[in-house]
Amino acid sequence: MPAVQETVDRVRRIDVDQYRYGFETVIESEKAPKGLSEDTVRFISAKKNEPAWMLEWRLEAYRRWLTMTEPTWARVDYPKIDYQDLYYYSAPKPKKQLSSIDEIDPEILKTYEKLGIPLREVAVLEGVVTKPVSDDGEEGAAAPRSKIAVDAVFDSVSVATTFQKELKQAGVIFMPISEAIREHPELVQKYLGSVVPTSDNYFATLNSAVFSDGSFVYVPPGVRCPMELSTYFRINERNTGQFERTLIIADKGSYVSYLEGCTAPQRDENQLHAAVVELVTHDDAEIKYSTVQNWYPGNSEGVGGIYNFVTKRGDCRGKNSKISWTQVETGSAITWKYPSCILRGDNSRGEFYSIAISNGFQQVDSGTKMIHLGKNTTSRIISKGIAAGKSQNTYRGLVTAHRKATGARNYTACDSLLIGDKCGAHTVPYVEAKNSSATFEHEATTSKISEDVLFYCIQRGLSQEEAVGLVVNGFVKDVLQQLPMEFAVEAQKLISISLEGSVG
Amino acid sequence: MTALLEVKNLQVRVEDREILHGLSLTVNPGEVHAIMGPNGSGKSTLSHVIAGKPGYEVTGGEILFKGEDLLEMSPDERAAKGVFLAFQYPVEIPGVATMNFLRSALNAQRKARGESEFSTPDFLKKVREVAKSLSIPQDMLKRGVNVGFSGGEKKRNEILQMALFEPSLCILDEMDSGLDIDALRIAADGVNALRSPDRAMVVITHYQRLLNYIVPDFVHVMSRGKVVKSGGKELALELEESGYAQFEDAA
Ligand SMILES: Nc1ncnc2c1ncn2[C@@H]1O[C@H](COP(=O)(O)OP(=O)(O)OP(=O)(O)O)[C@@H](O)[C@H]1O
Ligand SMILES: [Mg+2]
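These protein sequences, in sequence, are chains A and B.
Each residue of the first sequence is one higher than the one before, starting from 1 at the first, in this note's numbering.
Each residue of the second sequence is one higher than the one before, starting from 1001 at the first, in this note's numbering.
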């Protein structure tokens, strides 16, 4: 049909080179020598002044990794990675110990500003920092905007941490994991690797050996974290593998909402990123983990772009606990990512809300696993995949109920939207119930963006691009609603940006 | 005076089949034109081509809008310049709140014309006013665009947009279909309220009843891709009496 043809032609002319955040910051950095060996692992550990137990843990992971092979089951296709041709550690050279944001390299601050994340302003705008929080926040009609604490990870080292004081008052620990290893070894030792063991999978094992930094959060019993915690990631150093490690623990009856957002500068070489995120909730606790991911997807020929091989897993260890993953995936050349929940505690609940957009030559293989172990555990999966250009977008989901997980319930809805006819959307659900009382529901739809709907919008004055953005944002609304307010607005913009060029 | 819309000897193909075979129509500011004609005669096709819907191939003739070559303009440009089409079958846009849609569209048009965007309070005020005059309840505006709207509600939503965007050319494609008697009157009142010396309407309909409410200056009969007869409002009455058979031969 000619009408459809037009959109298809436009999609063909995609120019992902327009990648908005493709700039590089020039700062001196300190690197480990290229390649991976026991020495690299020791170098990283030494750089971080790590205790001996940590080095041992890393080395064990490294030795195990040597015996493993890279997985190939995902629907992604990329040239073989030469693990000896990568740098495993790079840190901006600190001129001195940083005690406040003002001391951060202005170049770095500028980068954040370009990203629309002015760190200085985050403090001023987002928080009512001059005043300590009152117990009930009763301040009349003008409710203060919600607060976000930012733990900025620039390349591999956390360079700034805000809102520390207020968090301290609440007893919340929020710091770079490298610091936590030194300051709270008992917590780190107890939980690190307890959700994603060092032997878990090829990329997680690699991460365990060489992880550079990341966030550590501990929320003590009964505490509702007074603000949203946020980390913005940047990958900046050419050829640097980025191995973030995040560990979040919500103790009994506590609550925390964590935001992760990232974007990377444009470059030619593919960059490997293999993060590990571990979440633990004890009885009656809740963690809400939201991600907006916007790494360099490669240019219009499909060259360059980030390889994103992430292991994210939450363990609902206690009864009535809850873990909720919300993700907006728009970047990366390749995404391999399955945020999962182990529903161990009785009545625990896992949620996965996902928007995965692929354009150009991007390949996305993402989904979730809901492992029902406890009684009356429930889970909900809402996945929205949008494929444009020549991209491939796969949802891969696993829902299992073990023998003892009586009364387990899952609801899954996977919707895919295709823009043009050179892209593909695939749904690969695995369902496994080992007891008869489990109820699993699965719904899936695949549709093409409607020419009539687009024309309706355009007749009312919207450009083709705005029309696509609007329709897509409508398509993903259920998931966007799960994001914290500020993030939702940001994500909405990002969705439109990432489909820019998908239509002329 | 330049005509608002001048369609000259328009020939249009869809998938290698010619649908409009040399259609001409001139509409001046302030005029209301009714187009009638049997099913499949090309009325909606004409409206789509004027609005710039993709999928139609113009193989001959031209369309001038305020003296400019309309066919050279993208459809959103046409909208910003004042071409509005109330669709025969308005589509649903799930997940996009009507209010949000209206604001995005209105501001896109204003931006294209180099005008400043409406502030949220100004916009809300304007929408509320217009919605009230068309008896559209506020909570309808919070719902997804046309999602779950009844046929009549969809049509009213079209008129709402027309009133909001204040276009200079309004093409109404069967706005009366699916409307009950009361709704028809409300919608027609809405359209009449928009009649002005510098705005023109092209009203496509099958029923002369609508023309009792929106009284046209001219009535055109289309058959097999052409205007086969033009006249005053009495032509509509004539058609009601005798049907289209006489024109089928003429075409
Ligand atoms: N996309 C298309 N593909 C093929 N044929 C089409 C297409 N669009 C319109 N036509 C044909 O063109 C002719 C005119 O259609 P159009 O919708 O313009 O008629 P109409 O006068 O609006 O009819 P109605 O009164 O039923 O609304 C019909 O024969 C129709 O089948
Ligand atoms: Mg029609």
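Backbone N, C-alpha and C define an ideal beta-carbon position, used for all residues, glycine too.
Here K1111/B carries a helix assignment [DSSP, helix/strand/coil]. Here T205/A is buried: its Cβ has 16 or more other Cβ atoms, across all protein chains shown, within 10 Å. Shown here for H1220/B: same chain residues with a beta carbon closer than 6 Å to its own, the five before and five after excluded, namely I1035, V1227 and S1230 in chain order. Of all residues in the region 479 to 495 of chain A, none is placed with a Cβ closer than 7 Å to any Cβ belonging to chain B. Around the C-beta of Q492/A, 16 or more other C-beta atoms lie within 10 Å, and the residue is accordingly described as buried. Segment contact: the region 1091 to 1100 of chain B against the region 1050 to 1064 of chain B, fewer than three CB-CB distances shorter than 8 Å; contact not assigned.
Among the bridge pairs identified by DSSP, Q327/A is matched with T291/A and S354/A. Here DSSP, grouped into helix, strand and coil, assigns F1165/B to helix.
Under the three-state reduction of DSSP output, G1042/B falls in the coil class, being neither helix nor strand. Not a single heavy atom of ligand 1 lies less than 6 Å from the C-beta of G1151/B.
Residues of chain A with a Cβ closer than 7 Å to the Cβ of K1053/B are, in chain order, F455. Chain-ordered, the chain A residues with CB closer than 8 Å to the CB of I1093/B read V453, Y456, C457, L470, V471 and G474.
Taken from the Cβ of S1044/B, at least one heavy atom of ligand 2 lies inside 6 Å. Remark: the C-beta of Q1088/B is in contact range of ligand 2, defined as less than 6 Å to any heavy atom. Scanning its chain for C-beta atoms nearer than 8 Å, with the 5 sequence neighbours on each side dropped, one finds around E329/A the residues T291, Q293, T335, K337, S354, I355, A356, I357, V364 and S366, in chain order. Measuring C-alpha to C-alpha distances from E441/A to each of Q482/A, A285/A and I382/A identifies I382/A as the nearest. Just measuring C-alpha positions, the residue of Y1213/B, Y1207/B, S1223/B and R1224/B sitting nearest E1238/B is Y1207/B.
Spatial neighbours of V453/A in its own chain (CB-CB distance under 7 Å, excluding positions within 5 residues in sequence) are listed in chain order as V471. Neighbours of A1105/B in chain A, taken as residues whose beta carbon is under 8 Å from its own, are C457, R460, G461 and L462 in chain order. With the rule of 3 Cβ pairs closer than 8 Å, the region 366 to 380 of chain A does not count as touching the region 1003 to 1017 of chain B.
Proximity of chain A to Q1109/B at the Cβ level (cut-off 7 Å) is accounted for by G461, in chain order. Judged by beta-carbon spacing, A488/A lies beyond the 7 Å limit of L499/A, meaning their Cβ atoms are not closer than that value. Listed in chain order, the alpha helix (DSSP H) elements of length 4 or more contained wholly in the region 179 to 246 of chain A are 185 to 191 and 202 to 210.
Not a single CB atom of chain A sits nearer than 7 Å to the CB of L1169/B. Distance from the C-beta of G1040/B to the nearest heavy atom of ligand 1 is below 6 Å.
Separation of T378/A and S324/A (C-alpha to C-alpha, rounded to the nearest whole angstrom) is 12 Å.
Put simply, the CB of A1188/B is far from chain A, with every gap to its CB atoms at 7 Å or more. Against chain A, the beta carbon of Q1138/B has no neighbour under 8 Å; the closest one sits roughly 20 Å away. Of all alpha-carbon atoms in V280/A, Y62/A and Y307/A, the one lying nearest the alpha-carbon of Y255/A is that of V280/A. Residue-level contact check: K384/A does not touch chain B, since none of the beta carbons of chain B fall below 7 Å from its beta carbon.
If you draw a 10 Å sphere on the C-beta of W53/A, you find fewer than 16 other C-beta atoms in it, and that means exposed.
Look at N1212/B here: in three-state DSSP terms it is helix. Here K404/A is exposed. Its C-beta has fewer than 16 other C-beta atoms within 10 Å. Non-local C-beta neighbours of L1179/B in its own chain, meaning closer than 7 Å and more than five positions away in sequence, comprise G1152, K1155 and A1187, ordered along the chain. Collapsing the DSSP output to three states places L86/A in coil. In chain order, G461 and S463 make up the part of chain A whose C-beta sits under 9 Å from the C-beta of A1112/B.
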